[in-house]
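J.: In the working numbering, the protein residues as written are 843 to 940.
#1: Give the straight-line distance between the Cα atoms of residue 916 and residue 923, rounded to the nearest whole angstrom.
#2: Measuring straight from C-alpha to C-alpha, what distance separates residue 855 and residue 911?
#3: Put residue 901 into one of helix, strand or coil per three-state DSSP.
#4: For residue 909 and residue 920, what's the separation of their Cα atoms in angstroms?
#5: Whose C-alpha, out of 882, 871, 927, is nearest the C-alpha of residue 896?
#6: Pick out the complete alpha helix (DSSP H) segments inside the segment 902 to 940, 4 residues or longer, and give them in chain order.
#7: Give me the Cβ distance between residue 903 and residue 858, rounded to the nearest whole Å; I'm assuming they're in contact under 8 Å.
#8: Going straight from the alpha carbon of residue 935 to that of residue 927, what length do you get?
#9: Are the C-beta of residue 895 and some C-beta of chain D separated by less than 8 Å?
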């Protein structure tokens, strides 16, 4: 999911036949809830807690879901998606045509 502020609408269509996104729900994007310890003086000087990354299961699932999307893209679309996007002066998003 991406915030709408960072999206620009296009008329480009991607063929998603063969893609299965049935396992994706709101729970898929939810973070794991952790209990925070009560703040005290010893906790102030303690080292940072261990950071958890994305699980291997989610990484494998993401690759499986991305595969049909990548197959549906042409070479020019792949290059476009890899490029850094920015707007300069006098470029208005609502006037752009992709």
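All C-beta atoms in this analysis are idealised placements derived from N, C-alpha and C, irrespective of residue type, glycine included.
Computed from a predicted structure; not experimentally measured.
T.: Working from what's here:
#1: Each residue's alpha carbon lies about 11 Å from the other.
#2: Just so you know, the alpha carbons of residue 855 and residue 911 end up roughly 11 Å apart.
#3: Taken through DSSP and simplified to helix, strand or coil, residue 901 comes out as helix.
#4: The alpha-carbon of residue 909 is positioned some 13 Å away from that of residue 920.
#5: For the residues 882, 871, 927, the minimum Cα distance to residue 896 belongs to 871.
#6: DSSP runs (the alpha helix (DSSP H)) wholly in the segment 902 to 940: 917 to 924.
#7: Their Cβ separation, rounded to whole angstroms, is 16 Å, which puts residue 903 and residue 858 out of contact at 8 Å.
#8: Straight-line spacing of the CA atoms in residue 935 and residue 927 works out to 12 Å.
#9: As a matter of chain content, chain D is missing from the structure shown, which is built from one protein chain.
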